[in-house]
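Take a look at the structure below.
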Amino acid sequence: MAYCDLLRMTVLLAAGAATALAAITVVSASSSSDTLTLYVAAAWWVVSLVAGIVLGRPARAAEAMRPVLAEARTATALPSLGNPNRAALARLWPLAAFAVVAGGLGLVYSGVAAIGTGFALGAALMLRSREGAVTAIEDRDGVRFYVEPGSALEPVKLVRTPGLRRERPPPGSPPPPPTAPA
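Our numbering applies: residue 54 is where the sequence shown begins, and numbers increase by one.
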């Protein structure tokens, strides 16, 4: 599976988990008339939002991706991709399990879903720029990064393969002159 696809799926799953947990928090707290939980949840969500935006800046994303991409094993051929859904499930099941457990407990204790919402929101916002950082390096170097199959409990290991290098003029340079008609 392509590493950019895994990063994109991670952000979408975390954002979806945050949305579902926020809905569970509101429904659970409003059914029990627990306004204190809603006020604390709103404050925690704002803190998570700000922290996720600050920690997810593009410069930080590029810095966070540097060691993972530098340790990628180089291959001359495309790795066997297998089933990308299976690879995604093998890597993202802890995030899905977190959402299910927090949501289940949130139906009884609305504070659990509220706290889980903040963590999922912060994670989605923190990881949102990493795909762009990897794509920029892939475009610059003319390579593609793929995820090696493995457990979600181990660090991600990547395979670096040759890609299609794109020759682009540097930003701010004038466009090429038009070609003469034949």
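Glycine included, each C-beta is placed from N, C-alpha and C at the ideal position.
> How many angstroms separate the CA atom of G135 from the CA atom of V200?
Replying inline: 11 angstroms
> What residue range is occupied by the uninterrupted alpha helix (DSSP H) comprising L148?
Replying inline: P137 to V161 is the extent of the alpha helix (DSSP H) around L148.
> At a cut of 8 angstroms, does the stretch 196 to 213 reach the stretch 87 to 95 through at least three beta carbon pairs?
Replying inline: no
> Below 8 angstroms, can you find three or more Cβ-Cβ pairs linking the stretch 160 to 170 to the stretch 179 to 187?
Replying inline: no
> alpha helix (DSSP H) containing V100: first to last residue?
Replying inline: T88 to L108
>> Looking only at its chain, what residues have a beta carbon closer than 8 angstroms to the beta carbon of V153, apart from the 5 residues adjacent to it on each side?
In response: none
> Which residue from S101, P229 and I190 puts its Cα closest to that of A71?
Replying inline: Of the candidates S101, P229 and I190, S101 places its Cα closest to the Cα of A71.
> When DSSP labels each residue in this structure, what does T72 get in the three-state scheme?
Replying inline: helix
> Based on Cα-Cα distance, which residue from V103, V80 and L142 lies nearest to T63?
Replying inline: L142
> Thinking just about the alpha-carbon of each residue, which of V121, S85 and L66 is nearest to the one in P208?
Replying inline: V121
> Going by C-alpha distance, which of P230, P228, L211 and P215 is nearest A123?
Replying inline: Nearest of P230, P228, L211 and P215 to A123, Cα basis: L211.
> Of the choices L59, G156, A115 and A112, whose alpha-carbon is the least far from that of V80?
Replying inline: G156
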